[in-house]
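Chains as they are written, first to last, in this note's numbering: chain A, 1 to 262; chain B, 1001 to 1318.
Cβ atoms here follow ideal geometry from the backbone N, Cα and C, with glycine treated the same way.
Report on one structure; see the data block that follows.
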């Protein structure tokens, strides 16, 4: 009994030291100078632009990674070639963005799309512009949806899909009416993780953004920028806002989830 | 009517079906009976279009259905583990095929009500599958399959996941249902009792081959080979022949064609008596006698008796 209590205290203490105290401190520091100055610091034109840019990038990255993630999971678990290519190989590839440092991702994008790169001749600018930031964000948040959906698909099995087929449903109808509802929580959780990662990404975005004020500065870059310029209060305020968005995403998920699966 | 013409199916090196030809008469209830891994489920899935055969043809109602995908074969399929649509109510499950066919709502409602009545699930419209028992889920799955008015109903070990009591009830119920609805039905089972009780015809399958097809009684009484004989009921080995334990006759005196044996145990099982013998070569042999036969013989352990088969049937080589 005491051993278990000791373990619990240790676990909670660990969480507190690593997570709760730092984030709490940021929130505390944010509101130290008063709510008015916080409001002022997150409503400057630069902050508003960073806020919308971050949401825009997250929305695009989440949309792309959700569609592609579900598609990848379907091909991997249900696809006709699943027996020919070892799934572990594809799954290892899928984990690559976890393994590669975001800075390396950013640099590799510059090498491919930047001046003198293989794909430098595109009709629109990629590096130091929105497409580059989106590419970097998509890359680093790529695995989440597929990673969440793959085990769910395996567990659900394909009998319901076969039953739908014998009842006359086309593949498309089967996907929308049977498969997607069956994997919806996997997808939802994947979307939440992707959103959190997309909003919080710093390294890869920092390399490709070019930090054009009011154009390619995301929330994380704004925090760094203010921090470098000794605007600590401003940095805390922006950080708190970032944390708030992340919390809101998680909260939304928790609120949606409890409905008992029928 | 379903006609299978020399159907072949391989999974890698494994030949799951080897040139299986079978006719399923219109309106019949045919059981595909065989041990697990015999290929019977694969054959059912080939009929359904859920597996493509590597050779041969599937003909449904005179039309070559081999290239037709499962969606357009007009078959109803019932899975062992129900394959219930978990996120849909009973009503939505049963209505699924009709909604795919874009039937009018009034028509769908009427059909769903009718079918839920037939499968004794009236009043369960708004339940979810998780709120049903196994037997109820399987009846819902059956209603769902019947809703599209299939040309053929295919049942893959439909009672395999249910407990014994529910299984027995559902078997009898399925037989009555078939007598009412009369849709050509193929049932896969590894349980010979289930096949004998429910089916008009039994096709025995072993190692991807069709061993014998016929009425349950014909198969029991005139099995084509030792496998069919031993799969359909208890067998005893008498010298080089296989016989049913109740087709053996025991006498105290020697007679032509009978073998000498020693009684080892006499087991009284109510109406019947099991006589455990040892043949001259030491092989054990169990004989089933009625109580009257046993008391007339007055056999005690250690007695020497003579045993041979009664029936004037062609012997089946062991």
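For the stretch 1147-1160 of chain B, the set of residues with a beta-carbon nearer than 9 Å to any beta-carbon of chain A comprises 1147, 1148, 1150, 1154, in chain order.
Counting only the Cα atoms, residue 1121 of chain B lies some 37 Å from residue 1210 of chain B. If you draw a straight line from the Cα of residue 227 of chain A to the Cα of residue 233 of chain A, it is about 9 Å long. Nearest in C-alpha terms to residue 199 of chain A, of all of A:147, A:231, A:138, A:171, is A:138. Our two residues, residue 1232 of chain B and residue 1220 of chain B, have alpha carbons roughly 6 Å apart in a direct line.
Judged by DSSP secondary structure, residue 1058 of chain B falls within the beta strand (DSSP E) whose first and last residues are 1055-1060. Residue 1156 of chain B sits in a strand when the DSSP states are folded into three classes. With a contact defined as Cβ atoms closer than 8 Å, residue 1208 of chain B and residue 1018 of chain B qualify at about 5 Å.
Under the three-state reduction of DSSP, residue 1209 of chain B is assigned to strand.
Any Cβ of chain A closer than 8 Å to the Cβ of residue 1060 of chain B would place that residue at the interface, and such an atom is absent.
Residue 1011 of chain B sits exposed, since fewer than 16 C-beta atoms from the chains shown fall within 10 Å of its C-beta. Comparing C-alpha distances from residue 57 of chain A to each of A:230, A:209, A:255, A:236 shows the shortest one belongs to A:209. Close partners of residue 178 of chain A in chain B (Cβ separation under 7 Å): 1085. Between residue 1170 of chain B and residue 1123 of chain B, the C-beta spacing is not below 8 Å.
Closer than 8 Å at the C-beta level to chain B, one finds no residue of the stretch 16-34 of chain A. The beta-carbon of residue 1138 of chain B is placed no less than 8 Å from the nearest beta-carbon of chain A. Remark: C-beta atoms of residue 11 of chain A and residue 219 of chain A do not approach each other more closely than 8 Å. The beta carbon of residue 158 of chain A is closer than 8 Å to those of 78 in its chain, skipping five residues each way along the sequence. Annotated three-state conformation of residue 1162 of chain B is coil, per DSSP. Residue 52 of chain A: member of the alpha helix (DSSP H) spanning 45-78, first to last residue. By DSSP's assignment, residue 150 of chain A forms no beta bridge with any residue. CA-to-CA, the gap between residue 1317 of chain B and residue 1178 of chain B works out to about 37 Å. DSSP lists B:1269, B:1290 as the bridge partner or partners of residue 1272 of chain B. For residue 100 of chain A and residue 202 of chain A, the gap between their C-alpha atoms comes out near 14 Å. The beta carbon of residue 1238 of chain B is closer than 6 Å to none in its chain, skipping five residues each way along the sequence. Chain A places no beta carbon closer than 8 Å to that of residue 1143 of chain B, leaving this residue out of the contacts. Contacts with chain B at 8 Å (Cβ-Cβ) include residue 159 of chain A. Secondary structure at residue 1018 of chain B: strand, using DSSP grouped into helix, strand and coil. Shown here for residue 1192 of chain B: same chain residues with a beta carbon closer than 8 Å to its own, the five before and five after excluded, namely 1033, 1231, 1232, 1233 in chain order. For residue 1306 of chain B, the beta-bridge partners assigned by DSSP are B:1251, B:1260.
Within the same chain, Cβ atoms closer than 7 Å to the Cβ of residue 1145 of chain B are found at 1076, 1077, 1078, 1153, the five residues on either side in sequence being excluded.
Under the three-state reduction of DSSP, residue 1008 of chain B is assigned to strand. Among the CB atoms of chain B, none fall inside 8 Å of the CB of residue 209 of chain A.
Linking residue 73 of chain A to residue 153 of chain A through their CA atoms gives a straight-line distance of about 8 Å. Judged by DSSP secondary structure, residue 1099 of chain B falls within the alpha helix (DSSP H) whose first and last residues are 1090-1100. Of the candidates B:1073, B:1100, B:1289, B:1058, the residue whose Cα lies closest to the Cα of residue 1024 of chain B is B:1058.
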